[in-house]
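J.: Have a look at the structure that comes next, please.
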Amino acid sequence: MRKLFVLCTAGMVMLPSVLAAETAPGDVVFGDLGAVEESLTGTAGNAEAGLEVATTRSLGNCLACHVAEGWAHMPLPGNIGPALTSVAHRYTEAELRGILINSKHMFEGTVMPSFYNVDDIIRPGDGYTGKAATSVEPLLSAQQIEDLLALLQTFDEPEEE
Amino acid sequence: LVFAGSAQAEPNIDPNPDVTELVINGEIPITIRAPAPDHLDGALPEIYSGWLYRDASTREMEMDDFENPAMPFVDAGIEAWNAVDGSEGKSCADCHGAIEEGMAGVRAVMPKVNEAGALWSMEDYINDCRVNRMGAEAYDWDKQPMKNITAAIAAQSRGMPVNVAIDGAAAPYWEQGREMYYTRYGKLQLSCASCHQENNNNFIRGDHLSQGQINGFPVYRLKQSALVTIHNRFYGCVRDTQAESFAKGGDELRALELYVASRGNGLSVEGPSVRP
Ligand code: HEC
Ligand code: HEC
Ligand code: HEC
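As given, the protein sequences belong to chains Z and E, one line each in that order.
Offset between the first sequence (1-based) and my numbering: plus 21.
Offset between the second sequence (1-based) and my numbering: plus 21.
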């Protein structure tokens, strides 16, 4: 509700730029090593919403592959990818955004899915139904990427060694 | 739980070095580790039965037919083997004899190219006999009567080495299957190899990833309380990449079945096995 209000107020003041603010998957600009400097939405992410995205199977499902102190309350995280507990120390905001949007720029051939991407999808399905998709949408919305980014920026526990 | 918070494991190492052998009913030794077939070119250094990745209680269920929940379905399959069905008044046994003799070794070489040059799975051979030799109705690929009879037939080859042919007439099907194995399907862009070659021995959520071998099929899945066919498993694994999956009993999954079977050449036929 509050978000809606903010959007509306902003819209009244600067409608055209708000409409143009959300970057489509095909228009994302990747820098060196796959970093993405610019916010996809211009609206700061919400870490709490990000946690929901990260731990819901039908959304990010990050815990299928990653351990993180931030979702230690959830059972049975996987270990396909590195632990994310200290990830904010390892990467800048722009690098993390790039990893979330399409980590294949940074990690060539990685098994990590590209969460804001519609290119090179072979036999796109309609979610987990096994049926063909009628249109190819990115796995997550632009704002969900920004929400995840806000979450990962709180993952700043000291590196273990 | 060992894996909670643990670091990534190295793939392609023995998942369970402490477990040295599997002997079913105290009399059928099963090869659960074997040298990788040459055609894998080192993609897997050694091959492992999916049984090795399961916890002790699941492993134990497979060691004794009285504990194996798939066995009542094997009995039902043997009953069907001996039962007359169809317009010709024949049973499987009328032509093939006792299932123990007639079907020994058959599972180990399936799928294979038939006389007409087409790649057929076990299910295709069974339905060919039912329709063209017995005058009976074809069994549905993924329904109980078919699962019963394929489980009963698999059980006659337990302990024999998987040895599917990949050359000659089989070569083009095998190539097609290999291509599929390495194709990253779906919105998650994952191939069979992403999970079962690059990440076997890792955990995806709570699931300990195996090499995705099919020597144990049909498998009894405790989670589903049911026998699961090879094509059903493949269908589900492709579906879970958020892809449009492939039809069970279709040409694509038949080719994939041949390729995946060939990755297990040298393991024992183990079906019907037990999985979580
Ligand atoms: C199917 C597995 C899988 C899923 C799902 C997945 N990742 Fe990853 N992720 C990986 C792998 C593997 C890597 C390591 C990169 C490589 O391949 O070298 C990685 C790397 C990362 C990194 C860089 C970590 C580092 O220390 O280098 C971050 C950050 C990350 N993932 C975040 C996420 C988030 C957030 C999600 C959910 C939206 C997610 N991942 C979902 C597999 C996955
Ligand atoms: C009228 C005779 C007849 C009947 C009845 C019959 N079969 Fe067959 N079956 C054959 C012949 C002939 C072949 C092909 C020759 C061969 O490879 O043995 C064959 C082949 C097969 C094969 C492939 C074996 C292989 O090694 O290639 C399987 C499996 C099979 N039958 C199962 C069954 C089952 C199950 C039933 C009953 C539901 C059945 N058959 C009934 C005659 C019969
Ligand atoms: C997103 C990960 C993922 C992908 C991609 C995937 N699988 Fe699986 N598969 C699993 C999981 C999880 C299991 C259950 C645990 C296990 O046995 O590995 C499984 C189980 C299997 C099994 C059963 C093994 C047994 O011993 O019971 C087979 C066979 C299999 N997969 C084949 C395939 C094939 C073929 C493909 C490609 C078409 C594929 N999988 C793609 C995750 C995946």
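Heads up, the beta-carbon is just placed ideally off N, CA and C, and yes, glycines get one too.
1. Using a Cβ-Cβ cutoff of less than 6 Å, which residues in the same chain neighbour G71 of chain E once the five nearest sequence positions on both sides are dropped?
2. Just the Cα atoms here: how many angstroms apart are G47 of chain E and A175 of chain E?
3. How would you label E129 of chain Z, buried or exposed, when you count the other beta carbons within 10 angstroms and need 16 or more for buried?
4. Helix, strand or coil: which one does DSSP assign to Y194 of chain E?
5. Answer with yes or no whether the minimum CB distance from S135 of chain Z to chain A is below 8 Å.
6. Can you check whether the C-beta of H85 of chain Z is within less than 8 Å of a C-beta belonging to chain E?
7. Ligand 2 and K162 of chain E: does any heavy atom of the ligand fall closer than 7 Å to the residue's C-beta?
8. With G198 of chain E and Y280 of chain E assumed to form a contact (beta carbons below 8 Å), what rounded beta-carbon distance in angstroms separates them?
9. Buried or exposed for K164 of chain E, please, with buried defined as at least 16 other CB atoms from any protein chain shown within 10 angstroms of its CB.
10. When you measure from the CB of C83 of chain Z to every non-hydrogen atom of ligand 3, does any distance come out below 7 Å?
11. Tell me, please, whether the CB atom of F24 of chain E is closer than 8 Å to any CB atom in chain Z?
12. Assign A172 of chain E to one of three DSSP states: helix, strand, or coil.
13. Tell me which residues of the stretch 206-229 of chain E have at least one Cβ-Cβ distance to chain Z shorter than 7 Å, keeping chain order.
14. If contact means a Cβ-Cβ distance below 9 Å, which residues of the stretch 247-275 of chain E contact chain Z?
15. Any idea what DSSP makes of F224 of chain E, helix, strand or coil?
16. From D147 of chain Z to H117 of chain E, what does the alpha carbon distance come to, in whole angstroms?
17. Quick one: what's got a C-beta closer than 8 Å to A25 of chain E's C-beta in the same chain, skipping five residues either side?
18. Please list, in chain order, the chain Z residues whose beta carbon lies closer than 8 Å to that of T204 of chain E.
19. Taking only three categories from DSSP, how would you classify L172 of chain Z?
20. Ligand 1 and G102 of chain Z: does the residue's C-beta get closer than 7 Å to at least one heavy atom of that ligand?
21. Mapping the DSSP letters down to three states, classify H229 of chain E as helix, strand or coil.
22. Check A109 of chain Z in the structure and name its three-state DSSP category.
23. What does the alpha-carbon distance come out to for the pair T113 of chain Z and T175 of chain Z?
24. Take the Cβ of H94 of chain Z as the centre, count every other Cβ of all protein chains shown within 10 Å, and call the residue buried at 16 or more, exposed below.
25. Taking DSSP as the reference, what is the three-state secondary structure of Y146 of chain E?
26. Less than 8 Å between C-beta atoms, sequence neighbours within five positions excluded: which residues of the same chain meet that for I99 of chain E?
27. Could you give the DSSP three-state label for I49 of chain E: helix, strand or coil?
T.: In short, the structure shows the following:
1. S231, Q234, G237
2. 19 Å
3. exposed
4. helix
5. No chain A is part of this structure, whose protein chains are labelled Z and E.
6. For the sequence presented, residue 85 of chain Z should be read as Ala rather than His. Interface residue, yes.
7. It is worth fixing the name first, because residue 162 of chain E is Trp in this sequence and not Lys. Every heavy atom of ligand 2 is 7 Å or more from the Cβ of W162 of chain E, so no.
8. 3 Å
9. exposed
10. no
11. Low per-residue confidence applies at F24 of chain E: pLDDT is 39, beneath 50, and the placement is therefore not dependable, though the value from the model is reported in the following sentence. Output row for F24 of chain E: interface = yes.
12. helix
13. Y206, G207, K208, L209, Q210, L211, S215, E219, N220, N223, F224, I225, R226, G227
14. Y256, G257, V259, R260, D261, T262, Q263, A264, E265, S266, F267
15. strand
16. 45 Å
17. At A25 of chain E, the pLDDT of 38 sits below 50, so the modelled position is not reliable; the number obtained from the coordinates is stated separately. Contacts found: none.
18. I143
19. helix
20. yes
21. strand
22. helix
23. 12 Å
24. exposed
25. helix
26. I120, A173
27. strand
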